[in-house]
Structure formats: structure tokens, C-alpha cells
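Working notes for the structure below.
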Amino acid sequence: MLGVHFAITREQERALLAADEAGDDTDFEYTWANFVDLRDFFQRAATAGRSVLFTAT
Numbered sequence: 214m215l216g217v218h219f220a221i222t223r224e225q226e227r228a229l230l231a232a233d234e235a236g237d238d239t240d241f242e243y244t245w246a247n248f249v250d251l252r253d254f255f256q257r258a259a260t261a262g263r264s265v266l267f268t269a270t
């Protein structure tokens with residue numbers, strides 16, 4: 214089974230944001246919720262035998 218795992222702590226997320234912008238717990242929760250949703254999305258695509266193409270800006 215294809216697995217997509219995201220393991221990041223709040224401290225790591227804050228360190229990454231520090232280079233660009235300040236983040237707080239609300240930002241972390243928003244970002245984490247979207248990563249969790251992506252896991253389900255990629256799993257559905259893999260089950261259906263479909264490819265996923267995306268860009269990050």
C-alpha cells in the first residue's frame with residue numbers, strides 16, 4: 214500500500230515559517246488539517262490508479 218506520511222512538529226513548522234513569516238498555533242492547525250486531508254486524497258487517487266499532478270508556490 215502506498216503511504217504518504219507527514220511528520221513535523223510545531224517547532225519545525227515555526228522554524229520553516231520564520232524564514233518567510235511568523236506563524237502561530239492557528240496556522241499550524243490549518244496547515245496540519247490540510248496535510249491530513251491530502252493523505253486521503255492521494256490514497257483515493259492510488260486506489261483508482263490515477264496520477265496526481267500539483268504545483269506549490
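Under the working numbering, the final residue of the sequence shown carries the number 270; numbering is consecutive throughout.
Where a beta carbon is used, it is the ideal one built from N, C-alpha and C, also for glycine.
Assuming residue i is part of the alpha helix (DSSP H), what are its boundary residues?
{"i": "A259", "result": "D238 to T260"}
Can you check whether the CB of residue j is closer than 8 Å to the CB of residue i?
{"i": "E226", "j": "T239", "result": "no"}
Tell me which same chain residues have a C-beta within less than 7 Å of the C-beta of residue i, skipping the five on either side of it?
{"i": "R223", "result": "F241"}
{"i": "I221", "result": "none"}
{"i": "D237", "result": "none"}
Which value, in whole angstroms, describes the spacing of the CA atoms of residue i and residue j?
{"i": "A269", "j": "T260", "result": "24 Å"}
{"i": "F255", "j": "S264", "result": "9 Å"}
{"i": "D250", "j": "A228", "result": "23 Å"}
{"i": "A258", "j": "F267", "result": "13 Å"}
{"i": "D253", "j": "N247", "result": "10 Å"}
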